[in-house]
Amino acid sequence: MTADIDNATELFVGYRELLFSVVYNMLGSVADTEDVLQEVWLAWQSRSVGSEPIDNPRAYLTRMAVNQALARRATLSRRREDYVGQWLPEPLLDGEPDGATTVERTEAFSMAMLVVLESLTPLERAVFVLNEVFAYPHTEIAEMVDRSPAAVRQIAHRARAHVRARRPRNQVDPRVCRAVTERFVAAAMGGDLDELLAVLSPEVTLWTDGGGTGPATSLRPVHGKTAVAQVFMAVAAAGLDGYHVGWRTVSGDPCAVVFDGDAPLAVVVLDVATDGTVIGIYSVTNPEKLIHLHNPTR
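Under this note's numbering, the sequence shown has 213 at position 214, and the numbering climbs by one with no breaks.
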C-alpha cells in the first residue's frame, strides 16, 4: 500500500503544474484551483491503492481535473450571482522579484483574455483551453468531456469564433507594455490629467473588482478616456501618501501592485493596443484575491 501511495504521489506531483494551468484557465481563481487540485489528489490517491496502474496517467489526471473544474464552475456561477460589483479573475503572478514562485508556474491567458473567456459556457471554455493552450486534439478532449469528436470540433469552432470577435489578437512587445504601464501609473498617482489623456485610448474601459470589501472606483465598468481619467484624478486628489508601487507580471503581462505600507491594496493590469495606448484597465482590490502578494520592499 505504501508503495502504491508513493508512486501515486510522484505521478501527481509530476503533473501538478499542468493540472494547475488547465484548471486556472477554466476558473480564473487561484483559490478554487487549489481546491480542485486537492479534490483530484484525494480521488487519485484513493483510486491508486490496490488498483491496476493507469496506462496514461497524464490523460487520466487531466480528465479528472477538467471534470472537477466543470463541477466547481457551477458553484462559482451561483456564488457570483451575489458578488458585489464587477468580478475579475484572480491575478496569477508569475513570480516574486527574487525569483521565488508565488504560485505554480503556469501557461495562462492574459487578464484581458480571461475576462473574455467568462462569456463562454463552461464546456466551451474547457474545450477552448485544452485545444488552444495545451494543443490537445479533439479526439482526446472528447474523451475528457464525454462528447463525440465531431461535437468537440463544433464546440471548439464556436468558442474560437466567439473569442476572436471579442478579442482581436494584439501582439504588443512586453517592453512596450511595461513602458506604457509605468507611464500610466506615474500619471495616475501624480494626478497628471494631460498625461492620462495622452496615454488612454478613446475607447478605454476601466474594470474594478473590490468584491464589496476592497476599494472600488465604480461598481460598473467606466468607459471612455475622459471618464476614466476623471476617476484617477479623483483618486489622486484623495491623497496617496504611504502608497508605493511594486512591479510584477501577471500571466506574462507587466502589472503594478500598489501597497499601502506592507499591505497590498491593488493589482493593476493594462490591456495595451498596438498603437501604445491603453484600451483596458483591470484593477483588482478584493483583499481575498491579494492574499498571496508580498511587499517587494520588505
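Every residue gets a Cβ at the ideal spot worked out from N, C-alpha and C, and that includes glycine. Please read all numbers here as calculations on a predicted model, not as lab measurements.
- DSSP places Trp-40 in the uninterrupted alpha helix (DSSP H) bounded by 29-47.
- Secondary structure at His-243: strand, using DSSP grouped into helix, strand and coil.
- Between the region 121-136 and the region 269-285 there are fewer than three C-beta pairs closer than 8 Å, too few to call the two in contact.
- If the five residues before and after Arg-165 are omitted, its C-beta is found closer than 8 Å to the C-beta atoms of Val-115 and Ser-118, all from its own chain and listed in chain order.
- Within the model, the alpha-carbon separation for Met-112 versus Lys-288 is close to 18 Å.
- Take Ala-155, set aside five residues on each side of it, and the residues of its chain with a beta-carbon closer than 7 Å to its own are Val-126, Phe-127, Asn-130 and His-137, in chain order.
- Short of 7 Å from the beta carbon of Val-198, and not among the five residues preceding or following it, lie these beta carbons of its own chain, in chain order: Val-179, Arg-182, Phe-183, Ala-186, Thr-276 and Val-277.
- About 4 Å separates the beta carbon of Gly-245 from that of Val-256, a gap short enough to meet the 8 Å contact definition.
- Residue range 199-208 is occupied by the beta strand (DSSP E) that includes Thr-207, with no alpha helix (DSSP H) assigned at that position.
- Spatial neighbours of Asp-259 in its own chain (CB-CB distance under 7 Å, excluding positions within 5 residues in sequence) are listed in chain order as Gly-241 and Tyr-242.
- Looking only at Leu-195, Asp-252 and Pro-286, the smallest Cα-Cα distance to Asp-93 is reached by Asp-252.
- In the displayed model, Thr-284 falls within coil according to three-state DSSP, outside both helix and strand.
- Between the alpha carbons of Asn-55 and Arg-62 lies a distance of about 11 Å.
- Residue burial is scored here from C-beta neighbours: Arg-163 has fewer than 16 other C-beta atoms within 10 angstroms and is therefore classed as exposed.
- Ranked by Cα distance from Arg-79, the options Asp-193, Gly-210 and His-291 are led by Gly-210.
- For Arg-247 and Phe-11, the gap between their C-alpha atoms comes out near 29 Å.
- Straight through space, the alpha carbons of Val-21 and Val-230 are spaced by roughly 36 Å.
- Per the C-alpha coordinates, the member of Tyr-59, Val-267, Asp-208 and Ala-42 positioned closest to Glu-142 is Tyr-59.
- Per DSSP, Pro-148 is not a residue of any beta strand (DSSP E); the alpha helix (DSSP H) it occupies stretches across 148-165.
- A direct Cα-to-Cα measurement between Tyr-23 and Ile-53 gives close to 25 Å.
- With a cutoff of 8 Å on beta-carbon distance, Ala-64 and Val-39 are scored as near each other.
- The beta carbon of Ala-158 is closer than 8 Å to those of Leu-119, Glu-123, Arg-124, Val-126 and Phe-127 in its chain, skipping five residues each way along the sequence.
- A Cβ-Cβ separation of about 20 Å leaves Val-268 out of contact with Met-25 under the 8 Å criterion.
- Distance from the CA atom of Asp-5 to the CA atom of Leu-196, rounded to whole angstroms, is 59 Å.
- Straight-line spacing of the CA atoms in Ala-237 and Leu-205 works out to 19 Å.
- When DSSP assignments are scanned along the region 65-130, the uninterrupted stretches of alpha helix (DSSP H) that are 4 or more residues long and fall wholly within it turn out to be 110-116 and 121-127.
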